[in-house]
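Sequential numbering of the sequence shown, starting at 1373, is according to the working numbering. Below you'll find the structure, written out as structure tokens, and then a few comments.
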Amino acid sequence: MANQSLAIQNLLVAEKRAADKVTEARKQRQKRLKKAKNEAQDEIEKFRQEREKQFQEFESKYMGSRDAAAAQIDADIQVQIEEMIKVIDENKEKLIEDIIDLICDIKPEVHKNYLIRMKKEEEVLE
């Protein structure tokens, strides 16, 4: 009986050690997975930075810098504004004269509603 009890005790101790080893192995596995994940993220970030750098070089080589494009657009807009101001200055006097002529050229006419009313009154009188 004592022999059985000793065997059970040894079995329980062995089972506990096995459980501890499994737990330790799982912890080590988690550490390795976490380390692998961090290394993969670092590689991804390095790759992303490398591709971004290549894109910037490509963009500056073939399309020019964004600042140059923005400066060109601003210059074009300024030229267009100056042309519009020039056209306005050239046509301002004529426009003012045309508006004054329209305002001052009064052609008295009887309003159409009044004409209709007058027609109805004539019909009633007849």
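We put the beta carbon where it would ideally sit given N, CA and C, even for glycine.
Whole-angstrom distance between Lys1433 and Ala1443, CA atom to CA atom: 17 Å
Alpha-carbon spacing of Ile1478 relative to Glu1465, whole angstroms: 21 Å
As assigned by DSSP and simplified to three states, the class of Met1435: Here Met1435 sits in coil by DSSP.
Residue interval of the alpha helix (DSSP H) (run including Glu1494): 1484–1497
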